[in-house]
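Colleague: Residue numbers (my numbering): 543 to 936. Glycine is no exception: its CB is placed at the ideal position from the N, C-alpha and C atoms. Here it is, the structure, as structure tokens.
So, in structure tokens, the structure goes:
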């Protein structure tokens, strides 16, 4: 007590001093948990006269109401299919536009050149316009997407003997596609369809043969392999090798529009895409494509050889049978070589290089099929092929 308290004691007041309340003896009631963090009561020793209602537990949301996450692989694969199908649609429209421009120029200049009846003029027109219509859209897409050109155009080293085996195997599979294409053609003819208009193989001179061989068997394979096995295959390959092989083959087939050509080109595209996926050498697919087209051109000009009807039929049959037989033998040899390499690797395992994991896991067969069936522009190509088939019945 200080000096001030000693000289000024507190007054007693009108009421007697009350003692502080003491908690009753025995067990104490639980302190109610208030709405404060940590369940604090207003002050120690005070119990609320009523219990504070507890917060209800969070109810889990049913699985049917869970937000669906978009699979980046399937979404990206569908986008890639739409983009590559758009390339083919632009190729088709550009080819038609270029033909109309040439016809308009010939008509406006009053040229005495009838492209519909002059076979040599038609060969020149097709040889000049087909590579432009095929290559320009693919080149434009690559310039827009800015990919790694070393991944688009690949020319890995392959041994000479292995190259021959792969070329013969791919050529044999490509030419084998002629047989189901013939069945489709025969079925359409039985149903009353007309023969599709042929712009090539209609000439009757060696000059026509030389010009058509240069355009169809040399120039077209270079441009189409750049477009389909280069730009289109590399765009689809990031979602799986099998997906890229099947997808690029279907797009390559539907780019030919006519029903029998679609069947043949799809099988041929499957063989060339398989060879490119195994060898990573675009020159091998160019060689397969060139040999396939060259055989077709030479067979269509077999009349220049002066053979009889029987000799002509035998010559055309040998052009098909010999490459298919060589392709079958080559494919079997490749299977044996691959099996022996696998056994040797199992006996003496070699350290594998540490490669970075892929950005996206490759899709399985069912997922790839769903993506192929759900790409709208791919269905647009199919509708265009169907319209071309219906025109044959008009």
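Check this for me: beta carbons of residue 689 and residue 781, under 9 Å apart or not?
Modeller: Going by C-beta atoms, residue 689 is not nearer than 9 Å to residue 781.
Colleague: Could you name each continuous alpha helix (DSSP H) segment of 4 residues or more that falls completely within the stretch 750-813, going from the start of the chain to the end?
Modeller: Listed in chain order, they are 762-766, 775-779 and 783-796.
Colleague: Assign residue 935 to one of three DSSP states: helix, strand, or coil.
Modeller: Three-state result, residue 935: coil.
Colleague: Which of helix, strand or coil does DSSP assign to residue 697?
Modeller: Here residue 697 sits in strand by DSSP.
Colleague: Taking only the alpha-carbon atoms, compute the straight-line gap between residue 934 and residue 877 and give it to the nearest angstrom.
Modeller: So the alpha carbons of these two residues sit roughly 42 Å apart.
Colleague: Would the stretch 707-717 and the stretch 786-797 be scored as touching if the rule is three or more Cβ pairs under 8 Å?
Modeller: Touching, no.
Colleague: Distance, Cα to Cα, residue 770 vs residue 750?
Modeller: Going from the Cα of residue 770 to the Cα of residue 750 covers about 27 Å.
Colleague: What does residue 731 pair with, by DSSP beta-bridge criteria?
Modeller: For residue 731, which the question treats as bridged, DSSP gives no partner whatsoever.
Colleague: Using beta-carbon positions only, say whether residue 630 and residue 793 come within less than 9 Å of one another.
Modeller: Yes, Cβ-Cβ distance for residue 630 and residue 793 is below 9 Å.
Colleague: Given that a residue counts as buried once 16 or more other Cβ atoms are within 10 Å of its Cβ, and exposed if not, what is residue 835?
Modeller: Classification for residue 835: buried.
Colleague: So is residue 683 buried or exposed if we call it buried at 16+ other beta carbons inside 10 Å?
Modeller: Result: buried.
Colleague: Restricting to Cα atoms, I'd like to know which of 776, 635 and 868 is closest to residue 679.
Modeller: Residue 679 has its Cα closest to that of 635, out of 776, 635 and 868.
Colleague: Could you pull the DSSP bridge partners for residue 823 from this structure?
Modeller: In DSSP, residue 823 forms a bridge with 697.
Colleague: Does the beta-carbon of residue 923 have 16 or more other beta-carbons within 10 angstroms, so that it is buried, or is it exposed?
Modeller: It counts as buried.
Colleague: Whole angstroms is fine: what's the gap from residue 664's alpha carbon to residue 832's?
Modeller: Approximately 21 Å, taken between the alpha carbons.
Colleague: Based on Cα-Cα distance, which residue from 873, 785, 812 and 733 lies nearest to residue 932?
Modeller: Residue 733 is the option with its Cα nearest to residue 932.
Colleague: Grouping DSSP H, G and I as helix and E and B as strand, with all else coil, what is residue 739?
Modeller: In this structure, residue 739 counts as coil in the three-state DSSP scheme.
Colleague: Quick one: what's got a C-beta closer than 6 Å to residue 991's C-beta in the same chain, skipping five residues either side?
Modeller: Missing from the structure shown is residue 991; the chain here goes from 543 to 936 and no further.
Colleague: Since I believe residue 623 is in contact with residue 917 (beta carbons under 8 Å), could you give me their beta-carbon distance rounded to a whole number of angstroms?
Modeller: Confirmed, about 4 Å.
Colleague: In the structure shown, what three-state DSSP assignment does residue 613 receive?
Modeller: It is coil, neither helix nor strand.
Colleague: Figure out for me which residue from 675, 773, 813 and 725 has the closest Cα to the Cα of residue 695.
Modeller: Nearest C-alpha to residue 695: 773.
Colleague: Beta-carbon within less than 7 Å of residue 753's beta-carbon, same chain only, minus the 5 sequence neighbours each way: which residues are those?
Modeller: Correct list, in chain order: 665, 666 and 669.
Colleague: Check for me: the alpha helix (DSSP H) holding residue 950 runs from which residue to which?
Modeller: Beyond the ends of the chain as shown, which are 543 and 936, falls residue 950; an answer cannot be given.
Colleague: Between which two residues does the alpha helix (DSSP H) harbouring residue 716 extend?
Modeller: Looking at the DSSP string, the run of the alpha helix (DSSP H) that includes residue 716 is 702-718.
Colleague: Buried or exposed for residue 614, please, with buried defined as at least 16 other CB atoms from any protein chain shown within 10 angstroms of its CB.
Modeller: Flag for residue 614 reads exposed.
Colleague: If you follow the alpha helix (DSSP H) that residue 883 is in, where does it begin and where does it stop?
Modeller: Element bounds for residue 883: 851-889.
Colleague: Once you ignore the five residues that flank residue 921 on each side, which residues in its own chain have a CB closer than 8 Å to its CB?
Modeller: Cβ within range, chain order: n/a, list empty.
Colleague: Just verifying my parser: in three-state terms, what is the DSSP assignment at residue 622?
Modeller: Helix, per DSSP.
Colleague: Put residue 842 into one of helix, strand or coil per three-state DSSP.
Modeller: In the structure shown, residue 842 sits in a helix (DSSP, three-state: H, G or I).
Colleague: Quick check: the stretch 852-869 against the stretch 714-721, are at least 3 beta-carbon pairs closer than 8 Å?
Modeller: Segments in contact, yes.
Colleague: Quick one: Cα of residue 808 to Cα of residue 723, how far?
Modeller: Looking at the two C-alpha atoms, the distance is approximately 10 Å.
Colleague: Is residue 677 helix, strand or coil by DSSP?
Modeller: Note: residue 677 maps to helix in three-state DSSP.
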